């Protein structure tokens, strides 16, 4: 059996698995946001950055190889992850107290686990438009972290290609594939996987806000 | 006695309510601390203190003045709650020009008699954007939450009163 070493633990892997795949299978999870098992690795959030044989690499995109020495829970990497999370928070508008996803949000959960008490940086308060055009689905761009899970779900699972990421750097935006640019003019439906993979509160099903009481939410 | 000052800037006093949720622990606390400026004492200016707790972000000139006075007078300054830490709900106005916010509240809103923008010289002028307190002064510790749970205040104050570094356990870290 082929193995890698993750923080001193020997972890088996099969050919074709990434470092993230085999870490998750061995119940030694590495913090991640843009990764979801079964989806094409994307490597955008960099939260799963680990040190492989002394070099930084994202665990979700790196194929496992026999004898790899992988460091994840080191002080250096934890500090880097905290920095990434802080930047993700200040780049968007994350008003947790008013967000329907609060308590079930993977960004928030990752930040709790990283011990993030403050954003450290100056918030950008970017101006982003909300798309409430669709009768059943809401896009709150304030909360988008550009993980592209909805892009991959719509393209690879739903077979519709409703979403894409457009622009670069600070101008990066989630865009909708319709002539008007509005969600109402696409063939998306509320059952689509793309509507349900968002790790934050950027894509929400309307009419279900605050359905789960505080204390019973996913990460409470 | 340890001297403790608190204030609510651009907040809702919810953090102060949560502080009071320490309930019977407050009896132990008042054995060790004396309150200086605080909504609990109604003292209006801050004197020399060991610890200052700031609730709320910065939305007007007076907020900036108060937080600077706290920094000058408090040995340890703690930003308490979502608004102090990242602007919180009030910073949702940052999406709109200040003129538009004032117009909505005082000129064009529903049910407004005698529409006028308040201009009394005693009113502090609003800042263009709501900002977290760490944009104006150095903050030593942060207590997140909207509001932070009473247990988080306990953990913070217990450590600070002993002269130790506060270590908030993961289950007490909340942003909502």
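Protein chains in written order, with our numbering: chain L, 3 to 222; chain E, 11 to 186.
Glycine included, C-beta positions come from ideal geometry on N, C-alpha and C.
This structure is a prediction, so every number in the text was calculated from the model and none was measured.
At a cut-off of 8 Å between beta-carbon atoms, residue 108 of chain L makes no contact with chain E. Setting aside the 5 residues that flank it on each side, residue 52 of chain L is surrounded in the same chain by 21, 32, 59, 61, 72, 73, 74, 79, each with a C-beta closer than 7 Å to its C-beta; the list follows chain order. At the C-beta level, residue 143 of chain E and residue 91 of chain E stay beyond 8 Å of one another. In this structure, DSSP gives residue 45 of chain E an extended state, which the three-state scheme calls strand. Positions of the beta strand (DSSP E) runs, each at least 3 residues long and wholly inside the segment 91-122 of chain L, cannot be given because no such run exists.
Nearest neighbour of residue 207 of chain L by Cα position, chosen from L:66, L:194, L:218, L:219, turns out to be L:194. Chain E has no Cβ within less than 8 Å of the Cβ of residue 133 of chain L. Under DSSP, residue 16 of chain E forms a beta bridge with E:63.
Secondary structure note for residue 28 of chain E: it is in no beta strand (DSSP E), and the uninterrupted alpha helix (DSSP H) holding it is 24-30.
Counting only residues of its own chain and dropping the five nearest sequence neighbours on each side, residue 76 of chain E has a CB closer than 7 Å to the CB of 17, 19. Annotation: residue 25 of chain E to residue 43 of chain E spans about 18 Å, alpha carbon to alpha carbon. Per DSSP, the unbroken beta strand (DSSP E) holding residue 142 of chain L starts and ends at 139-142. Using a C-beta cut-off of 8 Å, the segment 115-133 of chain L makes contact with the segment 83-100 of chain L, since at least three inter-stretch Cβ pairs fall below that distance.
For residue 146 of chain E, same chain residues with a beta-carbon under 7 Å away, outside a window of 5 residues either side, are 68, 74, 77, 78 in chain order.
The DSSP-derived three-state label of residue 151 of chain E is strand. Looking at the DSSP output, residue 12 of chain L bridges to L:7. With respect to residue 129 of chain L, residue 105 of chain E sits close: the two C-beta atoms are nearer than 8 Å.
In the pairwise beta carbon analysis, the segment 150-160 of chain L is classified as touching the segment 35-45 of chain L: at least three pairs are separated by under 8 Å. The beta carbons of residue 178 of chain L and residue 164 of chain L sit closer together than 8 Å. Contact annotation: the segment 62-69 of chain L does not touch the segment 93-101 of chain L, with fewer than three C-beta pairs closer than 8 Å.
Residue 81 of chain L and residue 30 of chain E have their C-alpha atoms roughly 34 Å apart. For residue 212 of chain L, there is no enclosing alpha helix (DSSP H), as DSSP gives it neither H nor E. Rounded to the nearest whole angstrom, the C-alpha separation of residue 101 of chain L and residue 203 of chain L is 7 Å.
Close to chain E, meaning a Cβ-Cβ distance shorter than 7 Å, is no residue of the segment 139-151 of chain L at all. Residue 18 of chain E does not reach chain L, its nearest Cβ partner there being about 16 Å away, counting only Cβ pairs nearer than 7 Å. Contact annotation: residue 88 of chain E and residue 150 of chain E have beta-carbon atoms nearer than 8 Å.
Taking a contact as a CB-CB distance under 8 Å, the pair residue 26 of chain L and residue 39 of chain L counts as one, their CB atoms being some 6 Å apart.
With the criterion set as a beta carbon lying under 9 Å from some beta carbon of chain L, the members of the segment 138-150 of chain E are 139, 140, 141, 142, 144, 145, 149, in sequence order. DSSP lists L:168 as the bridge partner or partners of residue 175 of chain L. CA-CA distance, residue 121 of chain E to residue 127 of chain L, rounds to 31 Å.
Closest option to residue 54 of chain E, judged by alpha-carbon separation, among E:134, E:41, E:15: E:15. A distance below 7 Å between beta-carbons, with the five flanking residues on each side excluded, links residue 11 of chain L to the following residues of its chain, in chain order: 30. Annotation for residue 139 of chain L: 185, 190, 192, 197, 205, 206, 207, 208 place their beta carbon closer than 8 Å to its own, counting only its chain and skipping 5 residues before and after.
For the C-beta of residue 96 of chain E, the chain L residues within less than 7 Å are, from N- to C-terminus, 121, 125. For residue 186 of chain E, the nearest beta carbon of chain L is closer than 8 Å to its own beta carbon.
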